[in-house]
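Take the sequence shown: its position 250, counted from the start at 1, is 251 in our numbering, and no numbers get skipped. No residue lacks a Cβ here, since even glycine has one placed at the ideal position from N, Cα and C. In this text, all values refer to a predicted model and were calculated from it rather than measured experimentally. Here is the structure we will look at.
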Amino acid sequence: MNIIDLHCDALLKLTTLEAASFAEDVRIHVNQKRLQLGQIKAQVFAIFIDPAIPQNQQFLEVIRQMEAFHTHVLQTEGMVHITDWAQLEQLAPHEIGAILSLEGCSAIGDDLTKLIAVLDAGVKLVGLTWNEENAVAHGAEQDASLGLKPFGKEVIQLLNDRDIIIDVSHLNEQSFWDVLPLAKHIIASHSNARALCDHPRNLTDAQAKALVKHGGHIHVVYFPLFIGGQDATLEQLVDHVEHFANLVGVEHIGLGSDFDGIDMTVKGLAHAGEAQNLLEALRTRLSEEEVHGIASQNFIRYVKKAATR
Numbered sequence: 002m003n004i005i006d007l008h009c010d011a012l013l014k015l016t017t018l019e020a021a022s023f024a025e026d027v028r029i030h031v032n033q034k035r036l037q038l039g040q041i042k043a044q045v046f047a048i049f050i051d052p053a054i055p056q057n058q059q060f061l062e063v064i065r066q067m068e069a070f071h072t073h074v075l076q077t078e079g080m081v082h083i084t085d086w087a088q089l090e091q092l093a094p095h096e097i098g099a100i101l102s103l104e105g106c107s108a109i110g111d112d113l114t115k116l117i118a119v120l121d122a123g124v125k126l127v128g129l130t131w132n133e134e135n136a137v138a139h140g141a142e143q144d145a146s147l148g149l150k151p152f153g154k155e156v157i158q159l160l161n162d163r164d165i166i167i168d169v170s171h172l173n174e175q176s177f178w179d180v181l182p183l184a185k186h187i188i189a190s191h192s193n194a195r196a197l198c199d200h201p202r203n204l205t206d207a208q209a210k211a212l213v214k215h216g217g218h219i220h221v222v223y224f225p226l227f228i229g230g231q232d233a234t235l236e237q238l239v240d241h242v243e244h245f246a247n248l249v250g251v252e253h254i255g256l257g258s259d260f261d262g263i264d265m266t267v268k269g270l271a272h273a274g275e276a277q278n279l280l281e282a283l284r285t286r287l288s289e290e291e292v293h294g295i296a297s298q299n300f301i302r303y304v305k306k307a308a309t310r
């Protein structure tokens with residue numbers, strides 16, 4: 002069963018590991034061979050810039066990762082750059098869609114022209130922050146009472162005008178609530194349920210319900226510390242899916258692994274090649290149709306609906 006995965010950090014590894022190769026480098030959770038094994042039909046590749054990099058050098062790192070996307074990912078036979086969501090249903094059997102996202106706007110500073118350049122390069126999802134504060138908003142590790150900044154409203158307007166999906170996964174609570182009524186297209190690309198795992202990167206029940214009410218989707222993340230702890234299991238990840246399904250409806254749930262951005266994995270879900278194991282675990286509690294929705298069809302329906310808004 003084909004999968005659409007809304008988040009990985011393979012580009013970071015492709016730009017930091019020595020002699021990295023996208024085709025089958027075992028140091029990379031999401032390489033082409035593993036995408037094929039896991040039946041990942043479309044993969045979102047995030048541009049993530051380490052906040053330790055000086056501000057005046059961060060945009061250069063964005064350029065480097067976009068270059069890696071083109072020279073490593075897209076130059077690998079069978080990888081197709083998705084610049085229009087309609088392409089998801091036009092891929093040949095042997096093809097895998099590759100989508101760019103921006104994980105946090107720190108690198109653009111307070112310069113909209115830099116964001117425009119990133120969007121022009123094909124970025125389809127934008128997270129306003131990572132865990133830190135930037136010129137746009139406050140991230141998940143910041144004071145929960147601090148929210149969206151004035152420049153953030155300009156960023157949201159630009160993203161709305163370009164029909165870009167706004168990713169709320171790394172926002173702190175007040176920024177989430179500030180962004181929600183302003184965003185045209187919204188999603189949590191890699192977040193779990195705080196009711197089951199009390200971590201600031203996870204969504205409260207109130208946030209989950211409000212997000213879906215606003216037309217958004219929730220894509221669960223495979224990182225053990227967002228599931229239940231270092232020894233988290235596949236079954237516990239399914240608990241998060243089931244919790245959201247009961248809370249907001251299974252039709253609003255998808256997958257966002259965070260592979261290559263995580264330093265520990267769940268047994269049986271160590272890399273993209275093992276993604277079908279999660280679907281098998283989901284089948285123990287959900288129907289085949291519901292699992293198919295979570296794997297890919299819910300997101301395809303989401304972008305189709307977004308195209309009419």
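Exercise. Is the Cβ-Cβ distance between Tyr303 and Leu270 less than 8 Å?
Worked result: Residue 303 sits at position 302 when you count from the first residue of the sequence shown. Residue 270 sits at position 269 when you count from the first residue of the sequence shown. Between Tyr303 and Leu270, the C-beta gap is not smaller than 8 Å, which leaves the two residues out of contact.
For this session: Would you please state the rounded distance, in angstroms, between the beta carbons of Leu12 and Phe46? I believe it to be under 8 Å.
Result: Stepping through the sequence shown from its first residue, residue 12 is reached at position 11. Stepping through the sequence shown from its first residue, residue 46 is reached at position 45. Confirmed, Cβ separation roughly 5 Å.
Problem set entry | With 16 other Cβ atoms within 10 Å as the buried cut-off, status of Arg35 | For the purposes of this step, residue 35 is taken as the residue at position 34 of the sequence shown. A residue is called buried once 16 or more other Cβ atoms fall within 10 Å of its Cβ, and Arg35 is buried on that count.
For this session: Keeping to the same chain, check which residues put their C-beta closer than 7 Å to that of Thr84; ignore five residues upstream and five downstream.
Result: Your numbering for residue 84 matches position 83 in the sequence shown. The answer, listed in chain order, is Gly123.
Exercise. What's the C-alpha gap between Ala145 and Glu174?
Worked result: Position 144 of the sequence shown holds residue 145. Position 173 of the sequence shown holds residue 174. Looking at the two C-alpha atoms, the distance is approximately 5 Å.
Problem set entry | Collapsed DSSP secondary structure at Gly217 in the structure displayed | The sequence position of residue 217 within the sequence shown is 216, counting from 1. In the three-state reduction of the DSSP assignment, Gly217 falls in the coil class.
For this session: Give the DSSP bridge partners of Ser102, in chain order.
Result: What you label residue 102 is simply residue 101 of the sequence shown in a count that begins at 1. Paired residue(s): Ala47, Leu126.
Problem set entry | Alpha carbon of Glu68 to alpha carbon of Ile29, nearest angstrom | For the purposes of this step, residue 68 is taken as the residue at position 67 of the sequence shown. For the purposes of this step, residue 29 is taken as the residue at position 28 of the sequence shown. Those two C-alpha atoms are separated by around 17 Å.
For this session: For the alpha helix (DSSP H) containing Ile228, list its first residue and its last residue.
Result: Translated into the one-based positions of the sequence shown, residue 228 becomes position 227. Where Ile228 is concerned, the enclosing alpha helix (DSSP H) stretches over 225-228.
Exercise. Are there 16 or more other CB atoms within 10 angstroms of the CB of Val27, so buried, or fewer, so exposed?
Worked result: As a working mapping, residue 27 is identified with position 26 in the sequence shown. Val27 is exposed by the Cβ-count criterion.
Problem set entry | Integer Cβ distance of Glu252 from Asn299, believed to fall under 8 Å | Working through the sequence shown from its first residue, we reach residue 252 at position 251. Working through the sequence shown from its first residue, we reach residue 299 at position 298. About 6 Å separates the Cβ atoms of Glu252 and Asn299, confirming a contact at the 8 Å cut-off.
For this session: Would you kindly report the start and end of the unbroken alpha helix (DSSP H) that includes Met80?
Result: To locate residue 80, count along the sequence shown from 1; it is residue 79. For Met80, no alpha helix (DSSP H) encloses it; the enclosing beta strand (DSSP E) starts and ends at 80-82.
Problem set entry | Span separating the alpha-carbon of Ala273 from that of Gly148 | Locating residue 273 in the sequence shown gives position 272, counting from the first residue. Locating residue 148 in the sequence shown gives position 147, counting from the first residue. Computed Cα separation, rounded: 34 Å.
For this session: With Asp179 as the anchor, note down where its alpha helix (DSSP H) starts and where it stops.
Result: Along the sequence shown, read from residue 1 onward, the residue named residue 179 stands at position 178. Start and end: 174-180.
For this session: Tell me whether Lys14 sits in a helix, a strand or coil according to DSSP, three-state version.
Result: Residue mapping note: residue 14 aligns to position 13 of the sequence shown, counting from 1. The answer is helix: DSSP assigns Lys14 an H, G or I state.
For this session: Determine the closest residue to Gln88 out of Leu172, Lys125, Glu290, with distance taken between C-alpha atoms.
Result: In the sequence shown, residue 88 corresponds to position 87, counting from 1. The alpha carbon of Gln88 has as its nearest neighbour, out of Leu172, Lys125, Glu290, the alpha carbon of Lys125.
For this session: Using 7 Å as the cut-off, classify the Cβ of Ile5 as near or not near the heavy atoms of the ligand NAD, replying yes or no.
Result: For the structure depicted, the ligand NAD is absent and the ligand set is empty, with no information on it obtainable.
For this session: Look at the Cβ atom of Phe260, then the Cβ atom of Val31, and state whether they are nearer than 8 Å.
Result: In the sequence shown, counting from the first residue as 1, residue 260 sits at position 259. In the sequence shown, counting from the first residue as 1, residue 31 sits at position 30. Against a cut-off of 8 Å, the Cβ pair of Val31 and Phe260 comes out as a contact.
Exercise. Where does His30 fall in DSSP's three states?
Worked result: The sequence position of residue 30 within the sequence shown is 29, counting from 1. In this structure, His30 counts as coil in the three-state DSSP scheme.
Exercise. Apart from the five residues on each side of it in sequence, which residues of its chain come closer than 6 Å, Cβ to Cβ, to Gly229?
Worked result: Position 228 of the sequence shown holds residue 229. Only Cys198, Gln237 meet the Cβ criterion.
Exercise. By how many angstroms is the C-alpha of Phe227 removed from the C-alpha of Val267?
Worked result: The residue given as residue 267 occupies position 266 in the sequence shown. The residue given as residue 227 occupies position 226 in the sequence shown. CA-to-CA, the gap between Val267 and Phe227 works out to about 11 Å.
Exercise. In its own chain, which residues sit with a C-beta less than 6 Å from the C-beta of Gly100, not counting the 5 before and 5 after it?
Worked result: As a working mapping, residue 100 is identified with position 99 in the sequence shown. As written in the sequence, residue 100 is Ile, which differs from the Gly given in the question. Taken in chain order, the residues that qualify are Val45, Ile83, Lys125.
For this session: Output the boundary residues of the alpha helix (DSSP H) element that contains Ile157.
Result: Locating residue 157 in the sequence shown gives position 156, where the first residue counts as 1. Here the alpha helix (DSSP H) through Ile157 covers 151-162.
Exercise. Between Lys185 and the rest of its own chain, which residues show a CB-CB distance below 6 Å, the 5 nearest in sequence each way excluded?
Worked result: As a position in the sequence shown, residue 185 is number 184, starting the count at 1. Result list for Lys185: Asn161, in chain order.
For this session: Report the option in Glu289, Gly255, Lys305, Val63 whose CA atom is closest to the CA atom of Val119.
Result: Here residue 119 refers to the residue found at position 118 when the sequence shown is read from its first residue. For the residues Glu289, Gly255, Lys305, Val63, the minimum Cα distance to Val119 belongs to Val63.
Exercise. Taking Cβ positions, are Val292 and Leu256 nearer each other than 8 Å?
Worked result: Working through the sequence shown from its first residue, we reach residue 292 at position 291. Working through the sequence shown from its first residue, we reach residue 256 at position 255. No; because the gap between Cβ atoms is not below 8 Å, this pair is not in contact.
Exercise. For Leu75, which three-state DSSP category applies?
Worked result: The count along the sequence shown starts at 1 and reaches residue 75 at position 74. DSSP places Leu75 in coil when its eight states are reduced to three.
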